[in-house]
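Chains as they are written, first to last, in this note's numbering: chain A, 1286 to 1582; chain B, 1286 to 1582.
There are 2 protein chains.
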Amino acid sequence: MSLEFLKEYEVIINENIEKNIDKIRRLDQSQSSIIDGMEYALLAGGKRIRPFLCILGALIGGLEKEQVSNFASGIEFIHTYSLVHDDLPGMDDDNLRRGKTTCHIKYGVGEAILIGDALLTHGISLLLGHIDGVSLENQVKAVKIMLDSIGLLGMIGGQAADLDQEKSTIDKLETLEYIHTHKTGKLLEGALLSGATLANSSDKIKNDLLAYAKSFGLAYQITDDILDITSSLEELGKPIGSDLKNEKLTYLKIFGISKAKEMAQMEVEKCKNNISNYGKYGNQLIKLADYLIERRK
Amino acid sequence: MSLEFLKEYEVIINENIEKNIDKIRRLDQSQSSIIDGMEYALLAGGKRIRPFLCILGALIGGLEKEQVSNFASGIEFIHTYSLVHDDLPGMDDDNLRRGKTTCHIKYGVGEAILIGDALLTHGISLLLGHIDGVSLENQVKAVKIMLDSIGLLGMIGGQAADLDQEKSTIDKLETLEYIHTHKTGKLLEGALLSGATLANSSDKIKNDLLAYAKSFGLAYQITDDILDITSSLEELGKPIGSDLKNEKLTYLKIFGISKAKEMAQMEVEKCKNNISNYGKYGNQLIKLADYLIERRK
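Following this line, the structure appears as structure tokens:
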């Protein structure tokens, strides 16, 4: 199936990311490799799903793409920070990400810590950049939604629980659900909701989008677990079977592959039901959910 | 000399930090050690000089302490994040900080990365908390000042250059100045300026405070370098001579101890000249600058 519509947003986000990196680079006097590492991590591939969700939330609420491109890029900066820190020794200790050497292998461990820190800090700065036609009240609300989604009560909580379970041997569905709804889900929810908040959307719209994002996050994670087993190194860009090797708790481990596939399909259907009345942009969100099931990486 | 006035602010900040940690802890379901690590790092000691500077900037501009205590605590969260990440293997790799075991020794390396990330994220959330009697425009301006002061063009740039120089053997005054004005100075400046900005202070006041903060930062760093040689493990709370061991570029290495002391004294005089017309609170800033020279840790 075609994801041409996704390409259009990818181009906007990539241009915006490069513009913002150039801006920081021009002002940076540290003569360090941090700005190179930020660019390297940001441009390593990625489908820009989180910025896409943010832009779609804003478009459904009546804003234009151009108004939220900086904010949406800020979300990709923040997502990228989480990947760079996740790959570090002491965390997942991964050498490959999206087929490329990870930051700490290429730039050094201390540098990768700072690359992540800088991505987070500048990401939040981008969220706070001036937006024509959006009230500061709504923007600050949207930024707070993002901060909540990535703090200890959101993404970091999920990362922490993930780190803990690598040390324990308890297979608990509850833990697995906590990890995924927080490590992956919260940022996806925050991206879509912050876009809707920038557009001053009604509670009805926000609730529908939140329900979509919750099912989307779950389907996303289940297919990730499946791909870790069924994909190839070439397609996935990182060694397959790494969850198994790291004794990670996954949906496959608990439910087996056919039940996991069924669960992912069910969540995708829920996605569609929640968003069926939102015209062209709702339709793009539906296509994205369908793509989840079919993706190979 | 007495620093009784500093105690008063320390109490306000410590109470506020504990209140905010309790709030996060009540909501946290991750069952991880991250919240414990955040509290441990935040309550490890520290004189709360950065929050003090922020509050003083606000007081000079006519605000009340209570209005800015959350914002000021946010700055301490952010300062503490920078210490936790600085101590990590790959960075300074320190086992002791303020006489206590560092976070990664006590909680693990992955956990310490997340503890720092959470401190930064929640610190910024605190900066964005509602403030009675301060316009959202001024608050967002103040938050942007803080973000600039801790990003790659500020504190992180200084940390990166510091990391680089440990690998190189070039003794360059220019590099040393860049490191210190950025690694230590920018956050001190940001703290004082953001307080003044919350209070909607005039450009004249902001320029005077900025000049104070610049000299203060330099004097602070020079005395830090001196204490690394002349203090004791007991007083300093970390091994003395560690700069020498790590082959760090310091003011002592370039100028020798007596010239370095002279330079610190000169910067303290500059501090005083810039802030002599600001009544009671200006006087407290002057006392703090004097304390710099006399401190033993």
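Here a beta-carbon is modelled for each residue, glycine too, at the ideal position from N, C-alpha and C.
Requested in this report: Would you list the residues sitting across from L1381 (chain B) in a DSSP beta bridge?
Outcome: B:T1386
Query raised in the report: Would you call T1466 (chain A) buried or exposed, if buried means 16 or more other Cβ atoms sit within 10 Å of its Cβ?
Result: buried
Report task. Buried or exposed for E1474 (chain A), please, with buried defined as at least 16 other CB atoms from any protein chain shown within 10 angstroms of its CB. Result -> buried
Requested in this report: In angstroms with no decimal places, state the Cα-to-Cα distance between G1279 (chain A) and Q1424 (chain B).
Outcome: With chain A covering 1286 to 1582 only, the question about residue 1279 (chain A) has no answer from this structure.
Query - Burial state of K1304 (chain B) (16 or more Cβ within 10 Å) - result: exposed
Report task. Leaving aside the five residues before and after D1447 (chain B) along the sequence, list all residues of the same chain whose C-beta is less than 7 Å from its C-beta, in chain order. Result -> I1464, K1468
Query raised in the report: Taking the C-alpha atoms as reference points, what is the distance between M1286 (chain A) and R1580 (chain A)?
Result: Low local confidence applies: a pLDDT of 48 at M1286 (chain A) is under 50, so the model's placement there is unreliable, with the coordinate-based value given in what follows. For M1286 (chain A) and R1580 (chain A), the distance between alpha carbons rounds to 10 Å.
Query raised in the report: Leaving out five residues before and five after I1340 (chain A) in sequence, what residues of the same chain have Cβ atoms less than 7 Å from its Cβ?
Result: Y1294, K1350, V1353, A1357, G1480
Requested in this report: Measure the C-alpha to C-alpha separation of M1548 (chain A) and E1462 (chain A) and round it to an integer number of angstroms.
Outcome: 13 Å
Query raised in the report: Between N1559 (chain A) and G1346 (chain A), is the Cβ-Cβ spacing less than 8 Å?
Result: no
Query raised in the report: What in chain A is Cβ-close to L1446 (chain B), meaning under 8 Å?
Result: Sequence inspection shows Ala at residue 1446 (chain B); the Leu mentioned does not correspond to that position. The answer, in chain order, is S1315, Q1316, S1317.
Report task. With 7 Å as the C-beta to C-beta threshold (strictly closer), list the residues of the region 1398-1424 of chain A near chain B in chain order. Result -> I1398, L1399, D1402, A1403, L1405, T1406, H1407, I1409, S1410, L1413, L1421, E1422
**Report entry** Span of the alpha helix (DSSP H), counted from its first residue to its last, around L1411 (chain A)
**Finding:** 1394-1412
Query raised in the report: Residues in its own chain within less than 7 Å of L1399 (chain A) by CB, not counting five upstream and five downstream?
Result: I1319
Requested in this report: Write down the C-beta distance between E1422 (chain B) and L1421 (chain A) rounded to the nearest angstrom, noting that I regard them as a contact closer than 8 Å.
Outcome: 6 Å
Requested in this report: Work out the CA separation of I1306 (chain B) and S1561 (chain A) for me, nearest whole Å.
Outcome: 41 Å
Query raised in the report: So, does the CB of M1286 (chain A) fall closer than 8 Å to a CB anywhere in chain B?
Result: The predicted model places M1286 (chain A) with a pLDDT of 48, which falls under 50 and marks its position as unreliable, so this point remains unresolved.
Requested in this report: Report the neighbours of V1428 (chain A) on chain B: residues whose CB is nearer than 8 Å to its CB, in chain order.
Outcome: L1413
Query raised in the report: Given that a residue counts as buried once 16 or more other Cβ atoms are within 10 Å of its Cβ, and exposed if not, what is K1499 (chain A)?
Result: buried
Requested in this report: Output the distance between the C-alpha atoms of R1310 (chain A) and T1386 (chain A), rounded to the nearest integer angstrom.
Outcome: 22 Å
**Report entry** Endpoints, the alpha helix (DSSP H) within which L1495 (chain B) is located
**Finding:** 1488-1515
Query raised in the report: Beta-carbon of E1394 (chain A) versus every beta-carbon of chain B: anything under 8 Å?
Result: The identity of residue 1394 (chain A) in the sequence shown is Val, whereas the question assumes Glu. So yes, V1394 (chain A) belongs to the interface.
Query raised in the report: Taking Cβ to Cβ, would you say L1458 (chain B) is nearer than 8 Å to L1478 (chain B)?
Result: no
Query raised in the report: Between A:A1504, A:L1438, A:I1514, which lies nearest to D1313 (chain B) when the distance is taken from Cα to Cα?
Result: A:L1438
Query raised in the report: Taking the Cβ atom as the reference point for each residue, do T1535 (chain B) and D1510 (chain B) lie within a distance shorter than 8 Å?
Result: yes
**Report entry** chain B within 8 Å of L1472 (chain A), Cβ atoms only
**Finding:** no
**Report entry** Cβ-based contacts, 8 Å cut-off: residues of the region 1544-1561 of chain B near chain A
**Finding:** none
**Report entry** Residue environment, S1317 (chain A), which counts as buried when at least 16 other CB atoms sit within 10 Å
**Finding:** buried
Query - Under 9 Å by beta carbon: chain B residues contacting Y1463 (chain A) - result: Q1314, S1315, Q1316
Query raised in the report: Does I1360 (chain A) come within less than 8 Å of chain B when only Cβ atoms are used?
Result: no
Query raised in the report: For a contact meaning CB atoms closer than 9 Å, what does P1374 (chain A) contact in chain B?
Result: P1374, G1375, V1394, G1395
Query raised in the report: Is it right to say G1414 (chain B) is buried, meaning 16 or more other beta carbons lie within 10 angstroms of its own, or is it exposed?
Result: exposed
Report task. Take M1431 (chain B) as the anchor and find which of B:V1369, B:G1395, B:T1365, B:I1409 has the nearest alpha-carbon. Result -> B:I1409
Query raised in the report: What is the residue span of the alpha helix (DSSP H) that I1578 (chain B) lies within?
Result: 1564-1579
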